[in-house]
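This report refers to the structure that appears directly beneath it.
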Amino acid sequence: MDKFMVIAKREYMERVRSRWFLVMTLLVPVLISALFLIPVYVSARAVGSSSARNIIILDATTVGLGARVAANLKPDASRARAAAAQPGPQVRVVTPADLPAAEAEATREVMRPKSVIGYLVLDDTTLAGTRARYAGRNASAIAEQERTRAAVRQAVMMVRLEREGVKPQTIEQVSQLPMRMPAVRIDERGRGGSGQAGFFLGIGIGVLLLMSILFHGQTVMRGVLEEKTSRVAEVVISSVKPEMLLAGKVAGNGAVGLTQQLLWIGMSTWLITNFAPILLRPGGALDADAAASITSSGLSFGGLTPALFAVVILYFLFGFVFYASLLAAAGAMVNSEQDAQQAAMPVMVLIMGTWLFVNSVLLNPNGRIATVLSWLPFSSPIVMPMRMGLSSISWASVAGSLAVCALGCVLAVWLAARIYRVGMLMYGKKPSMRELARWIRYA
Amino acid sequence: MPDLAVALRNVVKRYEAHVAVRDLSLEVPRGSVYGLLGPNGAGKTTTIRMILDIMAPDTGTITLFGRPNRDPGLLDRVGYLPEERGLYKKMQVRRVLRFLAELKGMRASDADARANEWLERLGLTTPEKDWGAAKVDELSRGMQQKVQFIATLIHDPELVILDEPFSGLDPINAQALKDTVVELKRRGRTVIFSTHVMENAEKMCDAVCIIARGEKVLDGAVSAVRASHGPRNVALSLIGAGDSSGDGTEELNGVGSVLRDRQLVQRFDDNNRFFEIELAPRADSQELLRRLIEAGARIERFELVQPSLHQIFIERVGAQGVERGMSGHG
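Protein sequences, first through last, are from chains A and B. 220 is the number of the first residue of the first sequence in the numbering used here; add one for each residue after it. 52 is the number of the first residue of the second sequence in the numbering used here; add one for each residue after it.
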């Protein structure tokens with residue numbers, strides 16, 4: 220047991236000390252944060268930009284509806300700092316008779332590049348609550364149309380309420396009510412994160428697990444190969460059993476992977492929580508709902524409950540042990556990096572094959588493919604935690620899948636130990652399948 | 052029952068295509084320097100690996116210090132220098148040494164202290180440069196060999212096993228190794244080394260075992276082995292021999308025919324400066340001397356000697372064993 224720790228400690232310290240570990244550990248959280256924050260930033264910019272406001276309002280209503288719409292399209296005073304510099308909507312009050320000419324003029328203006336983006340026509344039908352017309356270059360941008368429509372609707376409502384004798388002050392107050400509505404997913408186990416956040420969480424977990432298992436698994440393989448080609452293995456296994464060298468190696472590198480994951484998750488969460496508000500502030504024009512939903516998707520690591528987190532870690536360990544021991548066996552079979560890549564092919568097919576199905580798991584987390592893959596030991600460490608992020612999985616299924624996975628690990632380790640034991644002292648050509656079978660039987 | 056460091060009893064190890072070691076029994080007395088001699092492919096490395104429990108024999112038993120070599124902790128008392136040497140290239144020298152010492156059950160602090168002692172002693176730590184802080188692959192080949200010695204000896208093992216220790220050593224490191232072996236013996240340690248260079252074995256070993264084709268040819272104390280093979284040998288040197296090139300026996304007219312007389316001489320080995328002659332079974336050395344003088348030989352030296360290990364090796368193993376072994380693995 221002491222010697223197991225000596226080996227695991229060496230693996231751990233040598234990996235953690237390496238420059239690569241530092242670079243990867245710092246870089247990945249920055250990349251993950253960027254992945255989440257850039258969409259947040261872009262959408263914040265987009266919503267807050269002038270596109271929805273940089274329009275001409277042709278007001279043919281005679282009750283000043285255009286001015287009210289323009290006011291509604293303006294950002295909240297609290298967020299107006301950046302927006303202040305930008306021009307608001309231009310309101311042109313016209314008579315119904317002049318409307319066609321004004322529209323023709325507005326159309327020409329919209330057609331000029333780098334000018335207004337569209338024009339809005341308000342007339343008596345608008346005031347009646349039936350319709351308003353919009354034409355512009357962003358006519359297909361649904362979110363912007365929706366904002367404009369809401370602004371018009373609210374303006375009409377305010378005018379009508381005024382006519383009914385409601386105090387302007389009251390109307391003003393009511394119109395400013397900040398109504399937010401974050402969507403929360405409810406499933407059999409109760410409340411989960413937001414639906415969007417679940418998607419991000421699912422894909423985040425999947426990518427992270429796959430990357431770490433692959434990366435650290437290959438590190439184990441290269442380490443085995445290094446020990447074999449440098450012949451240091453013979454000195455080591457004159458002191459400890461080869462099985463212990465293998466076990467210590469897998470454990471040490473697994474601990475490195477675990478350390479890295481914890482650092483990644485911790486640093487990413489920190490970066491996102493601290494930078495999202497900073498990025499959102501200058502955008503300004505976000506309405507409350509949009510801001511809330513974007514923030515929640517950006518902060519989807521928040522959906523990582525302690526239970527899910529524990530399961531992710533457990534699956535990482537199982538997946539890592541499974542793949543790392545098989546890759547170690549591949550490394551022990553050969554004498555060069557090229558041969559190792561070839562020997563690792565069957566193992567790589569398993570993990571890359573799993574990756575090919577990730578998309579269908581994302582689209583249908585409870586479909587047949589996803590269900591089957593979450594029970595197979597080689598794919599369950601990636602697929603099951605994804606599904607848990609995406610939808611609700613019963614704890615019984617999780618426990619069952621973990622048990623099958625553990626069984627798979629035992630089998631993989633047993634197989635790997637036998638190949639490893641013989642392979643570490645075999646120099647010369649790569650073994651054929653028949654020789655390999657003999658190693659496994661014989662060892 | 053003498054105090055044995057290592058004992059093998061009827062050990063057999065088969066590989067797929069051939070038998071590497073067949074029915075090998077040998078005893079290494081504690082505190083001796085023991086040579087495992089044999090041509091390449093004789094089974095030396097396989098034997099050593101079985102002693103170290105790197106591989107298990109198919110049948111037979113191996114004991115270390117009187118206990119089965121599988122007993123836990125026993126291998127902590129053994130130091131091993133494999134034939135193919137290597138260390139973790141990207142690791143700092145001190146950390147490699149600490150790691151390998153810890154694998155032998157040493158505490159890290161003790162290991163560090165011992166490593167520093169050794170590094171200083173072998174000139175790897177000098178006031179100008181501390182190679183212990185460098186990575187292994189920054190060291191020259193000679194320095195790496197020194198580090199490997201240290202790794203073998205750092206835990207002060209009772210039994211040191213060196214597989215072909217002289218191969219690839221420069222003369223300075225070879226001398227350092229010889230000195231180390233002598234010192235180990237003086238301190239009561241047991242040293243086993245394998246070699247196919249008989250001169251080294253003859254100079255250093257108390258006892259030897261010659262194996263060929265996986266079988267023991269002979270074993271025992273070097274003096275006993277040589278005594279049992281002699282003194283049927285004569286060292287002969289002639290005045291002026293070795294000064295001319297070519298086959299001396301041809302030029303020395305009559306001498307050549309005397310040496311080729313199978314009634315007198317079983318075989319002879321032309322060592323350039325002198326002939327090592329093995330007498331025929333019932334031949335008399337004085338008869339040989341008389342015949343040589345009659346043939347006109349001008350004799351500088353005529354001495355009855357015990358055969359060298361090299362001679363015994365050639366005699367007992369033969370050219371066939373050597374050649375056969377060349378292609379196999381040790």
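Heads up, the beta-carbon is just placed ideally off N, CA and C, and yes, glycines get one too. It should be emphasised that the depicted structure is a prediction, and the values quoted were computed from it without experimental measurement.
1) Considering only residues of the same chain and omitting the five flanking positions on each side of B/THR97, which have a CB-CB separation below 6 Å?
2) Check the Cβ of B/GLU135 against every Cβ in chain A and list those closer than 8 Å, keeping chain order.
3) Below 9 Å between beta carbons is the criterion; list the residues of the segment 59-92 of chain B that meet it against any residue of chain A, in chain order.
4) Give me the residue from B/TYR66, B/ASN61, B/ARG349 and B/LEU87 with the minimum Cα distance to B/VAL211.
5) If we count the other Cβ atoms within 10 Å of its Cβ and call it buried at 16 or more, is A/HIS435 buried or exposed?
6) Given this structure, state the Cα-to-Cα distance separating B/PRO133 from A/MET607, to the nearest angstrom.
7) Within 9 Å (strictly less), CB to CB, does A/SER651 reach chain B?
8) For B/LEU315, name the three-state secondary structure that DSSP assigns.
9) Which residue from B/TYR139, B/ALA185, B/THR110 and B/GLY347 puts its Cα closest to that of B/ASN61?
10) Spell out whether any CB of chain B is found under 9 Å from the CB atom of A/THR458.
11) Does B/ILE105 come within less than 9 Å of chain A when only Cβ atoms are used?
12) Is A/PRO501 close to chain B? Criterion is C-beta to C-beta, closer than 9 Å.
13) What runs of the beta strand (DSSP E), each 3 residues or longer, lie entirely inside the segment 179-263 of chain B?
14) Excluding the 5 residues preceding and the 5 following B/VAL306 in the sequence, name in chain order all residues of the same chain whose CB lies nearer than 8 Å to its CB.
15) Taking only the alpha-carbon atoms, compute the straight-line gap between A/GLU453 and B/ILE105 and give it to the nearest angstrom.
16) Have a look at A/ALA589, A/VAL623, A/LEU482 and A/LEU595 and flag the residue whose alpha-carbon is nearest the alpha-carbon of A/SER611.
17) Roughly how far, in whole angstroms, is the beta-carbon of B/ALA202 from the beta-carbon of B/VAL147, given that I think they are within contact range, below 8 Å?
18) Could you check if B/ILE223 is buried or exposed, using at least 16 other CB atoms within 10 Å of its CB as the buried criterion?
19) Run the CB neighbour count on A/ALA358, radius 10 Å, all protein chains shown included, and call it buried at 16 or more, exposed below.
20) Do you know whose CA, among A/PHE223, A/SER555 and A/ARG238, lies nearest A/GLY442's CA?
21) Starting from the beta carbon of B/MET142, find every residue of chain A whose beta carbon is closer than 9 Å, and list them in chain order.
22) Against B/GLU153, what residues of chain A qualify as contacts under a CB-to-CB distance less than 7 Å, listed in chain order?
23) What is the rounded straight-line gap between the Cα of B/VAL276 and the Cα of B/ALA166?
24) Take every Cβ of the segment 535-548 of chain A, pair it with every Cβ of the segment 594-603 of chain A, and state whether three or more of those distances are shorter than 8 Å.
25) Apart from the five residues just before and just after A/THR438, which ones in its own chain have a Cβ nearer than 6 Å to its Cβ?
26) Counting only C-beta atoms, is A/LEU644 closer than 9 Å to chain B at any point?
27) Taking 8 Å as the threshold, find out whether the segment 650-658 of chain A comes into contact with the segment 450-468 of chain A through three or more Cβ pairs.
28) List the endpoints of the continuous alpha helix (DSSP H) containing B/LEU75.
29) Starting from the Cα of B/PHE325, find the closest Cα among B/ASN284, B/VAL79, B/LEU126 and B/LEU55 and give me that residue.
30) List, in order along the chain, the chain B residues whose C-beta lies closer than 7 Å to that of A/LYS222?
31) Can you pull the chain A residues whose beta carbon is under 9 Å from the beta carbon of B/ALA202, in chain order?
32) Assign A/MET191 to buried or exposed, taking buried as 16 or more other Cβ atoms, counted over all protein chains shown, within 10 Å of its Cβ.
33) Is it true that the CB of A/MET643 sits closer than 9 Å to the CB of A/LYS468?
34) What does B/ALA58 pair with, by DSSP beta-bridge criteria?
35) Inspect the beta-carbon positions of A/ALA548 and A/TYR639 and report whether they are closer than 9 Å.
36) Among B/PRO90, B/GLY130 and B/SER83, which one has its Cα closest to the Cα of B/ARG100?
Put simply:
1) LYS64, ALA71 and VAL72
2) ARG450 and GLU453
3) GLU67
4) B/LEU87
5) buried
6) 52 Å
7) no
8) coil
9) B/THR110
10) As written in the sequence, residue 458 of chain A is Ser, which differs from the Thr given in the question. Taking Cβ atoms only, chain B reaches closer than 9 Å to A/SER458, which makes this a yes.
11) yes
12) At A/PRO501 the pLDDT is 47, less than 50, meaning the model places this residue with poor confidence; the figure from the coordinates comes in the next sentence. Judged by the 9 Å Cβ criterion, A/PRO501 is not in contact with chain B.
13) The beta strand (DSSP E) runs lying completely inside the segment 179-263 of chain B and spanning 3 residues or more are 210-214, 241-246 and 258-263, given in chain order.
14) LEU289, THR300, LEU343, ALA346, GLY347 and ALA348
15) 8 Å
16) That would be A/ALA589, whose Cα lies nearest to the Cα of A/SER611.
17) So it is a contact: roughly 7 Å between Cβ atoms.
18) exposed
19) exposed
20) A/SER555
21) Those are ARG229 and GLU233, listed as they occur along chain A.
22) VAL225
23) Their backbone Cα atoms lie some 39 Å apart in a straight line.
24) yes
25) Within the same chain, and ignoring the five residues on either side of A/THR438 in sequence, the residues whose Cβ sits closer than 6 Å to its Cβ are ASN472.
26) yes
27) no
28) Per DSSP, B/LEU75 belongs to no alpha helix (DSSP H); it is in the beta strand (DSSP E), 70-80.
29) B/ASN284
30) What A/LYS222 touches in chain B: LEU154.
31) VAL454
32) Summary: the structure shown does not reach residue 191 of chain A, with chain A confined to residues 220 through 662, and so no result is reported for it.
33) no
34) B/GLU78 and B/THR114
35) Result yes, Cβ atoms of A/ALA548 and A/TYR639 sit closer than 9 Å.
36) B/GLY130
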